[in-house]
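Everything on this sheet refers to the single structure shown next.
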Ligand code: GDP
Ligand code: MG
């Protein structure tokens, strides 16, 4: 994947220690290839490498103590910029009720499901949304919206007749009559950009004057998205993009290309078929995800900040050892608390969002872990592999818990140890900035 490729490039750089201009050029060549293979638009790639190379050549990067780390930062910043820089949200106007949101896009891009997901999200935010089914060409389309609306408890207006413009207008009136404050209009798409689709979208737009027009784009379409988005931008115009199917094995090209190609921000991403799988889009988080690091880098940065100088060198040593004993484990847990909770750490790791959603995080468990670790001997804490069944029974008795509790702790510790091993390639250089540097 793109992440794997990029991590490979960075691992290479780290192996080198000091970097020369030709190291940078070589790395950029590999990054360029990785991006092109991920189906990122050619112009975007060209732009990206030109900017990133120029920044990397600045002498303070090449001469710094941690050049590879700085190159990663340049790449991350540049990816963030391409993805839109700052967060863009829905711009609903407080002075107009109901607000109208209209979804456009090709057939199969995910409009109908996105309409329901957006309604669900707005409902969570205490709005009273209403869906309007304006796809009159496929008989099943309105049924689909009605089913989805039923699942999330949101009213669906389907009107009658075959005129989508009339349905859209009647849908807005229906919302007014029922005191609903946001109307989401689902429209028909076609397999390719065509005149009829554009004219219809324009007509609906003139009839209901949406506050927000969002184009739904299937992440799997890769850089073809550029042409589709341009066509919509010219005819219907839109305010932002919903990128759907981010859960599929999309290569990331679409997300990276769309902003640059149209100047429109990605506002939401959808990564599943369930109603709760729509999320606000954050360019910086996405950049980190593309780099395959979650928020590891920033967490390491904040970890280092909250520590005293001398502790830094110690942590550097432990991380360099790439192994974690139970003393480290308990320190790590305390550190996590200082930084604002285990949920934040887990959420920041690649794939961590899922762990959070599945409720695998229990802050209270941290306290009972400390109690158990406190009843271990010094040798056991330093060499956890010593801890056999007999010792577990003794530790449990000492801590006033069951052996199952001890087993659970050891299991968690084992997972953390594995995680640290896995994270090492991404963070190994950071601590070098500490005392020894
Ligand atoms: P429309 O023709 O633009 O209205 O597209 P639909 O909303 O009907 O979606 C087309 C198909 O893609 C449906 O089977 C959806 O369940 C599926 N789909 C939409 N969004 C997502 C997503 O984010 N992830 C996944 N896995 N499937 C999605
Ligand atoms: Mg549809």
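In full-length UniProt numbering, the protein residues as written are 4 to 440.
For glycine and all other residues, C-beta sits at the position ideal for the given N, C-alpha and C.
All values reported here derive from a predicted model rather than from experimental measurement.
Annotated three-state conformation of residue 174 is helix, per DSSP. Under the three-state reduction of DSSP, residue 61 is assigned to coil, being neither helix nor strand. In this structure, residue 204 sits away from residue 103, with a CB-CB distance that is not shorter than 8 Å. For residue 225, the distance from the CB to the nearest heavy atom of the ligand GDP is not below 7 Å.
Sixteen is the threshold: since fewer than 16 other Cβ atoms of the shown chains lie within 10 Å of the Cβ of residue 209, the residue is exposed. Annotation: residue 99 to residue 215 spans about 12 Å, alpha carbon to alpha carbon.
For residue 287, the closest alpha carbon among the candidates 274, 276, 277, 269 is that of 269. Taking a cut-off of 8 Å on C-beta distances, the segment 130-144 does not touch the segment 52-63, as fewer than three cross pairs fall below it. The C-alpha of residue 422 is placed about 27 Å away from the C-alpha of residue 402.
Around the beta-carbon of residue 278, 16 or more other beta-carbon atoms lie within 10 Å, marking it buried. Cβ-Cβ distances below 6 Å link residue 95 to 102, 214 in the same chain, with the five nearest sequence neighbours on each side left out; the list follows chain order.
Residue 144 has its Cβ nearer than 7 Å to a heavy atom of the ligand MG. Under DSSP, residue 103 takes part in a beta bridge, and its partners are 186. Not one heavy atom of the ligand MG sits closer than 7 Å to the Cβ of residue 407.
Across the structure, residue 7 and residue 266 are spaced so that their CA atoms are roughly 28 Å apart.
Going by C-alpha positions, residue 327 is about 8 Å away from residue 424.
Between residue 419 and residue 409, the C-beta gap is not smaller than 8 Å, which leaves the two residues out of contact. Residue state for residue 142 is assigned as helix, using DSSP reduced to three classes. Residue 262 is a Cβ neighbour of residue 85, given a cutoff of 8 Å.
Taking 7 Å as the cut-off, one finds no heavy atom of the ligand GDP near enough to the beta carbon of residue 209. No heavy atom of the ligand MG is found nearer than 7 Å to the CB of residue 248. Spatial neighbours of residue 153 in its own chain (CB-CB distance under 6 Å, excluding positions within 5 residues in sequence) are not present.
Under the three-state reduction of DSSP output, residue 128 falls in the coil class, being neither helix nor strand. If you draw a 10 Å sphere on the C-beta of residue 112, you find 16 or more other C-beta atoms in it, and that means buried.
Bounds of the alpha helix (DSSP H) holding residue 18 are 5-19. Checking the DSSP bridge columns, you'll see residue 136 partnered with 189.
Apart from sequence neighbours up to five positions away, the residues of its chain that approach residue 83 with a beta-carbon distance below 7 Å are 286, 287, 290, ordered along the chain.
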